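Below is one structure, written out as C-alpha cells; comments come after it.
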Amino acid sequence: MAAAPAVLESLASRLGDQAVAVQATKDDIPTAWVPRDQVHAALAWLAADSDDHYRVLYDLTAIDERHRQAREAGENGNGRRGDFTLVYHLMSYSANADVRLKVALEGEYPSAPTVSDIWPSANWYEREVFDMFGIGFDGHPCLRRILMPLDWEGHPLRKEHPARATEMEPYRLPEEQFAAHEEALRFRPHEWGLSDGDWASSNLPDDSNAVPEGDTDYLFLNLGPNHPGTHGLLRLILKLDGERIVDVIPDIGFHHRGAEKMAEQQTFHTYIPYTDRIDYLSGVNNNLAYLLAVEKLSGTQVPERAQVIRVLLCELFRVASHLVWIGTFGHDVGAISPVFFTFTDREKLFDVVEAITGGRMHPAWLRIGGVAMDLPNGWRPLLDEFLKGFEKRLKEYEQLLIGNPIFRARTRGVGVISLDEAIEWGVTGPNLRACGFEWDFRKKRPYSGYDQFDFEIPTADGGDCLARSAVRFEEIRQSLRIIRQAADNMPAGDYIADDHTSMPPARAETMVNIETLIHHFVGVSWGFTIPAGEAHAGIEAPKGNNGYYIVADGGPSPYRLRIRTPSFVHMQILPRLARGGLIADLITILGSIDYVLADIDR
Amino acid sequence: MSAHAELLTRMAVTLVVLLVAAPMLVWVERRLLARFQLRLGPNRVGPFGILQTVADALKLLTKEDWVPPFADPVPYVVAPMILGITVLGAFAVVPFTASGAIVDLDVGLLFFLAMSSVGVYSVMLAGVASNSKYAMLGAVRAAAQMISYELAMGLSLASIVLIAGSFNLHDIVVAQQGLPYVVIQPFAFVVFVIAGLAELKRAPFDLPEAENEIVAGFHTEYSSMKFALFFLGEYLGMILIGAIATTVFLGGGNGPFLPAPVWFAIKVGLFIYLFIWARATLPRFRYDHLMAFGWKVLLPVALLNLMVTGALVVARTAGS
C-alpha cells in the first residue's frame, strides 16, 4: 500500500487547501479530514475521476469522539474533531491503494449526506452507523435499524449507552411491552420496501423469464430465522410469485453480540478471544487481522518464526473453513454424504491445531508480537498424519460435487455476478476471484511474511455458484502448499517479540526479577497501554477481506474498534443475486457465498 | 371355505411381513446410509440397533396428536390414511410366492398404477389442508413431480405388457422363466427405476421434502402418528416399487434352489440397496430440471421404447 499522499494533494487542489487536513496515522493509508458539506463531492471524485479510481467503498463507519483524552494537534488533525467522526475508507484495485476520509460532525444526533448514490454498498453501512450512533443520512433510501431490534431505544456504540447488563435496568417484560414487541414484529411489506402489487419498485433485471406486469398476488414468505437452509439465524423475507423470487430482503442482527462495544471494555490483550468468535470457522485468522492492527499501533516487530507459525495456522484454518463449506454446500444442494467425509478430515486437522494451541475452533492463540507458545515437540508428525492422503480424498470430494452433472446443473449460471458489480459492491475473497479477477490480499498486500511463500491465486470464470465452488476447492490445494512450505522451512528463533510495552514479559523472568514481576502484574491487571493513534489492518480471511480499524486513545483499551467483515458485504448483494430465480436457487446461492452469521452481525 | 382361509392367511401374512419390513427398512436405511458416510448409524437400541425404529414409533405414538387450528381438519387427517391404504392395497397384486399374489387380478399392473396415482391425492391434500405456505409449496411440487413421472412409468410398463401379453403380474413372472425382461427391455428398466424414484419422492428427486429449502415440504405441519404414517408410507412405497420392478423385470420369485419368496426378497433387497445408494450419493434435482428431465428425456425414451417393442412384437407374431 504505497500511494503517496499525492491523492490527497489532488483532492486538496480540487476542494481547496483549507478543506483538506491531512492526518498522520500508524498505517500507511493517506488520511484526511474533509468538511461535511464537501465530503460527497470529494468521494464522488475519488470514486470516478481520480487517477486511482477508488471504486470500492471498503468501509464506512463512525467514531464517538466525546470521551477522547488524547488531543495532540499534529497527530490527530488540528483538533478538528467534532462530537462524531464519520470515516470513509476507500480502496482502489488499479492502484492497489487505500484512502481514508474523515468528516467531523457536531451535535448530539448529527446527520450527513448519503453516499449510497455513489456506491450501492453504502446502504447497509449507513444503516449500521445510524443504528449504532444515531447519525442520520440525508437521502438514504431506507434508513432503519439493521442489527438491533427495531424497537430498541438508544444507539449502542455511543459512549453514553451502557455496555454491561449490570449498567442497565434488570430486564422485565410486562404484558403491554410484550404486546408492543409483538406488534413491532408484525410484517408490513411496505415497511421493508416491498410493495404489494406492482413491479415498478422491484428493479428486476432485464430477464426473459420475468413475469409480465399485471395484478398478481404475491406470496410473502419468511425464510428463517428458524430455517435449516440459512446456516444460522438469518431471516430472509421473500416476495414470491409462485416459486420465483421477485425480491428478497435479508433481516440480519440475530447474531449481534456487540463485539465492537466489548472492545471498548476490554484491554487490547484480553480482547483476543472475542475476535475468534467473529468468523467462528476461521479461528486464528481473526486473531491475526486484529493483532496486525494492534502491532501497527504499538510498533512491535514480530519475529520471523512467529510469522511463519502464524501463516501455518492461518492456512490450516483456511482449509478447515473450506472443508465446512464443502460439506454444508453439498448438503444444501442435496448431497448428504460429503459433509461427513469433510468433517472427518477436519477432526484430523483439529488434532493438529489442538496439539499446538490447546483449542480447536477458538484457539485465541496469537498474541501481540507473536504467538502464545512455541510449537510443541512432535507437531510435525501430527501434521503429516493430517496431510497424508488428504489430497487424494479432496479429489474424491471434488468428483462427488463438481464432477456430478446434477450439481453442475444446479450451480452453473445460478447467482451470477459480473466483475464490475462485484467490485462496486465491495465483494472480496473467493467470491471475487470467481469472477475471473486475480486478487488476493496475501499476494497484493503481503502481511506476516506471505511474500516468501510460493503459491498461486486460483480464479474461475462466470461469477456463478459453480465458479465459486471451483475456486474454493483449488484454494484448499494452494493452502496445503503453503502449509507444507511453512512446515518444511520453519525458522528457529523467538516465538514472540521482546517488546514489553505492549505485552507481558516471560513468566520465567518474573520469578527472578521484581521489576519484571511488577511490570507483569500491572500490565495484566490494568492492561498494557498502547500509544494513541489509529491503524487499520486487513487480511485475506477465508471468506474475504477481514479488516480491523482501531482507534487508540493512549489507554489500555481501544477507544473504538471497527471490524469490517466480508460476510456483511456478501449478504448485502444477496438480493442482487437471487432475484428472478427460484427458491431452490436461493438456497444454492446462500451456500455458495460462504458467509458466517457471526461474521455478518458481530 | 379353504379358499377363504387361504386368502385370509395370505393377507395376514403379507400384512404382518410388510408392517415388520417397513420399520426394518428404516433401520436398514439408517445403517446403510451411515456406512456410506463413514459412520455407524444406530447401534444401541437392541442388538445392532434393530429396535431403534420401535423406539421411534413408540415416541411418535406417545406424542400429542395435534391438528393445527389453521388447518382443514378432515382432509388433514384423511391424507395420510390415503397413502397408507393405497400403498398397502397395491401389495395385494404382488406375486411373491410361486403360486401368485394374494389376489390374482387380470389387471394387476393397471391396479398398481392406479393405486400409485391415487397416492398423489394424499400429498396434495396434506399440503393444501395444512394451510401453511411451506406445505403448499411442497405439495404443489410433489404433485407435479409425481404426475409427470407416472406417465413415463406407465409407458415403460406398457412395453412389458406388450411382450408378456398380459396385465396379470403372475403371468408376467411365469413368462420370465426363461429370461428376465431386464435383458430384453433395458431401456424400460432404467426408465422404470428412475420414474419409480421420482414417484417415491426419494433422492435425487426429493425436492418436495427438501429440508434445506422448504423445511419439510408437504408434511411440515404433521406430527406424531400422522407423520409416522407418511414416513411409513414412503418406506412401504420403496418396497412396493422394488417389488414391482422385481416382478416385471427380474422375474419375481424365479430362481434355482431357493424358494420363491426368498428369491423375491433378495431381488427386492437389491433395489432397496440401489435406492439408498442413490440417496447417499446424488444431489437433488432442481424443480425445473426435474420436470424437464421427466418430460423431455424419460417420456420420449419410454415412448420410443414402446413403439420399437410394439413393432418387434407385431413383426414376430406376423412372421410366426
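Chain order of the listed sequences is H and S.
Just so you know, the first sequence maps onto residues 1 to 602 in the working numbering.
Just so you know, the second sequence maps onto residues 1001 to 1320 in the working numbering.
The beta carbon of each residue, even a glycine, is placed where N, CA and C say it ideally should be.
Source: prediction; values computed, not measured.
What is the rounded straight-line gap between the Cα of Asn1131 of chain S and the Cα of Tyr1076 of chain S? Translated into positions along the second sequence, residue 1131 of chain S becomes position 131. Translated into positions along the second sequence, residue 1076 of chain S becomes position 76. Using only the alpha carbons, I get a separation of about 9 Å.
Backbone CA spacing between Asn1168 of chain S and Ala1098 of chain S [nearest angstrom]: The residue given as residue 1168 of chain S occupies position 168 in the second sequence. The residue given as residue 1098 of chain S occupies position 98 in the second sequence. Approximately 14 Å, taken between the alpha carbons.
Could you please tell me which residues of the segment 1276-1301 of chain S, in chain order, have their CB closer than 9 Å to any CB of chain H? Within the segment 1276-1301 of chain S, the residues whose Cβ lies closer than 9 Å to some Cβ of chain H are Arg1279, Ala1280, Thr1281, Leu1282, Pro1283, Arg1284, Phe1285, Arg1286, Tyr1287, Asp1288, His1289, listed in chain order.
For Asn287 of chain H, which option in H:Glu304, H:Ser298, H:His269 has the closest C-alpha, if you only look at C-alpha atoms? Taking the first residue of the first sequence as 1, we reach residue 287 of chain H at position 287. Comparing Cα positions, the closest option is H:His269.
Residues that Arg1039 of chain S contacts on chain H, provided the C-beta gap is smaller than 8 Å: For the purposes of this step, residue 1039 of chain S is identified with residue 39 of the second sequence, where counting begins at 1. Neighbours of Arg1039 of chain S on chain H, chain order: Phe340.
Given a cut-off of 8 Å on the beta-carbon distance, is the pair Pro1283 of chain S and Arg410 of chain H in contact? For the purposes of this step, residue 1283 of chain S is taken as the residue at position 283 of the second sequence. For the purposes of this step, residue 410 of chain H is taken as the residue at position 410 of the first sequence. Cβ atoms of Pro1283 of chain S and Arg410 of chain H: closer than 8 Å.
Three-way DSSP call (helix, strand, coil) for Thr1097 of chain S in this model: Sequence index remark: in the second sequence, residue 1097 of chain S carries index 97 (1-based). In this structure, Thr1097 of chain S counts as strand in the three-state DSSP scheme.
Run through chain S and tell me which residues come within less than 8 Å of Leu582 of chain H, C-beta to C-beta. The residue given as residue 582 of chain H occupies position 582 in the first sequence. Under the 8 Å cutoff, chain S gives Arg1286, Tyr1287, Asp1288.
Which residues share a DSSP beta bridge with Ser337 of chain H? As a working mapping, residue 337 of chain H is identified with position 337 in the first sequence. Ser337 of chain H is not bridged to any residue.
Tell me, to the nearest whole angstrom, how far the beta carbon of Val324 of chain H is from that of Arg360 of chain H; I am working on the premise that it is less than 8 Å. Looking up residue 324 of chain H in the first sequence gives position 324. Looking up residue 360 of chain H in the first sequence gives position 360. Contact doesn't hold; Cβ gap of about 13 Å is too wide.
Going by C-alpha distance, which of S:Ala1022, S:Leu1306, S:Glu1199 is nearest Leu1051 of chain S? Counting from 1 along the second sequence, the entry for residue 1051 of chain S is found at position 51. Nearest of S:Ala1022, S:Leu1306, S:Glu1199 to Leu1051 of chain S, Cα basis: S:Ala1022.
Are the CB atoms of Ile237 of chain H and Phe220 of chain H within a distance shorter than 8 Å? For the purposes of this step, residue 220 of chain H is identified with residue 220 of the first sequence, where counting begins at 1. For the purposes of this step, residue 237 of chain H is identified with residue 237 of the first sequence, where counting begins at 1. Against a cut-off of 8 Å, the Cβ pair of Ile237 of chain H and Phe220 of chain H comes out as a contact.
Could you pull the start and end residues of the alpha helix (DSSP H) that Ser1187 of chain S belongs to? Reading the second sequence from its first residue, position 187 is the one you call residue 1187 of chain S. First, the residue type needs correcting, since residue 1187 of chain S is Phe and not Ser in the sequence shown. Looking at the DSSP string, the run of the alpha helix (DSSP H) that includes Phe1187 of chain S is 1186-1200.
Determine the extent of the alpha helix (DSSP H) in which Ser1117 of chain S is found, giving its start and end residues. For the purposes of this step, residue 1117 of chain S is taken as residue 117 along the second sequence, with counting starting at 1. Note, Ser1117 of chain S: alpha helix (DSSP H), 1108-1130.
Taking Ala1152 of chain S and Val1191 of chain S to be in contact with their CB atoms under 8 Å, please state how far apart those CB atoms are, rounded to whole angstroms. Looking up residue 1152 of chain S in the second sequence gives position 152. Looking up residue 1191 of chain S in the second sequence gives position 191. Indeed they touch by this definition, with Cβ atoms about 6 Å apart.
Supposed close pair Asn1305 of chain S, Ser1116 of chain S - CB separation, criterion 8 Å: Residue mapping note: residue 1305 of chain S aligns to position 305 of the second sequence, counting from 1. Residue mapping note: residue 1116 of chain S aligns to position 116 of the second sequence, counting from 1. Their Cβ separation, rounded to whole angstroms, is 20 Å, which puts Asn1305 of chain S and Ser1116 of chain S out of contact at 8 Å.
Taking 7 Å as the cut-off, is the C-beta of Phe343 of chain H nearer than that to any heavy atom in the ligand MN? With respect to the ligand MN, the structure shown offers nothing to examine, as it has no ligands at all.
Just the C-alpha distance for Asp494 of chain H and Pro303 of chain H, rounded to the nearest angstrom, thanks. Within the first sequence, the letter at position 494 stands for residue 494 of chain H. Within the first sequence, the letter at position 303 stands for residue 303 of chain H. Going by the C-alpha atoms only, they are around 6 Å apart.
Specify whether the segment 329-341 of chain H and the segment 572-591 of chain H touch according to this definition: at least 3 beta carbon pairs, one from each stretch, less than 8 Å apart. yes
Just to confirm, are Thr1062 of chain S and Ile1163 of chain S a CB contact at a threshold of 8 Å? For the purposes of this step, residue 1062 of chain S is taken as the residue at position 62 of the second sequence. For the purposes of this step, residue 1163 of chain S is taken as the residue at position 163 of the second sequence. Thr1062 of chain S is not a Cβ neighbour of Ile1163 of chain S, given a cutoff of 8 Å.
For Val1103 of chain S, count the other beta carbons within 10 Å of its own beta carbon; 16 or more makes it buried, fewer makes it exposed. Which is it? Working through the second sequence from its first residue, we reach residue 1103 of chain S at position 103. So Val1103 of chain S ends up on the exposed side.
Any beta carbon from chain S within less than 8 Å of Val416 of chain H's own beta carbon? The count along the first sequence starts at 1 and reaches residue 416 of chain H at position 416. No, Val416 of chain H does not count as interfacial toward chain S.
Does Phe1231 of chain S have its Cβ less than 8 Å from a Cβ in chain H? Counting from one through the second sequence, the residue named residue 1231 of chain S turns up at place 231. With 8 Å as the cut-off, Phe1231 of chain S does not count as an interface residue toward chain H.
At what residues does the alpha helix (DSSP H) containing Asn286 of chain H begin and finish? Taking the first residue of the first sequence as 1, we reach residue 286 of chain H at position 286. Here the alpha helix (DSSP H) through Asn286 of chain H covers 284-298.
Just verifying my parser: in three-state terms, what is the DSSP assignment at Ile539 of chain H? The residue labelled residue 539 of chain H in the question sits at position 539 within the first sequence. Ile539 of chain H falls in the strand class under three-state DSSP.
CB contact check: Arg410 of chain H to chain S, cutoff 8 Å: Along the first sequence, one-based indexing puts residue 410 of chain H at 410. Judged by the 8 Å Cβ criterion, Arg410 of chain H is in contact with chain S.
Going by alpha carbons, who is nearest to Arg484 of chain H out of H:Ser525, H:Val308, H:Asp553, H:Asp64? To locate residue 484 of chain H, count along the first sequence from 1; it is residue 484. Of the candidates H:Ser525, H:Val308, H:Asp553, H:Asp64, the one whose C-alpha sits nearest the C-alpha of Arg484 of chain H is H:Val308.
Does DSSP put Pro1075 of chain S in a helix, a strand or coil? Taking the second sequence and counting its residues from 1, the one referred to as residue 1075 of chain S is at position 75. DSSP places Pro1075 of chain S in helix when its eight states are reduced to three.
Going by Cα to Cα distance, which pick from H:Asn431, H:Pro504, H:Lys348, H:Gly413 is closest to Leu382 of chain H? In the first sequence, counting from the first residue as 1, residue 382 of chain H sits at position 382. Nearest C-alpha to Leu382 of chain H: H:Lys348.
CB of Ala293 of chain H within 8 Å of CB of Ala598 of chain H, strictly: One-based indexing of the first sequence puts residue 293 of chain H at position 293. One-based indexing of the first sequence puts residue 598 of chain H at position 598. Not in contact: Ala293 of chain H and Ala598 of chain H (Cβ atoms no closer than 8 Å).
Exposed or buried, which one is Glu475 of chain H when buried takes at least 16 other CB atoms within 10 Å? Taking the first residue of the first sequence as 1, we reach residue 475 of chain H at position 475. Its Cβ being crowded by 16 or more others within 10 Å, Glu475 of chain H is buried.
Identify whether Ser592 of chain H lies in helix, strand or coil by the three-state DSSP scheme. As a first step, residue 592 of chain H must be located in the first sequence, where it is residue number 592. Of the three classes helix, strand and coil, the one that applies to Ser592 of chain H here is helix, per DSSP.
Rounded to a whole number of angstroms, what is the C-alpha to C-alpha distance between Thr1267 of chain S and Gly403 of chain H? As a working note, residue 1267 of chain S is residue 267 in the second sequence. As a working note, residue 403 of chain H is residue 403 in the first sequence. Note on identity: in this sequence residue 1267 of chain S is Lys, with Thr being the wrong assignment. About 31 Å.
In chain order, what residues of the same chain lie with their CB nearer than 7 Å to the CB of Leu1240 of chain S, ignoring the 5 residues before and after it? Within the second sequence, numbered from 1, the residue matching residue 1240 of chain S stands at position 240. Answer for Leu1240 of chain S: Val1087, Ala1090, Phe1091, listed in chain order.
With distances taken from CA atoms, which of H:Lys443, H:Glu456, H:Cys465, H:Ile406 is nearest Cys435 of chain H? The sequence position of residue 435 of chain H within the first sequence is 435, counting from 1. The option with the nearest alpha carbon to Cys435 of chain H is H:Cys465.
Three-state secondary structure (DSSP) at Ile530 of chain H? Start at 1 with the first residue of the first sequence, and residue 530 of chain H comes out as number 530. Coil at Ile530 of chain H, not helix or strand.
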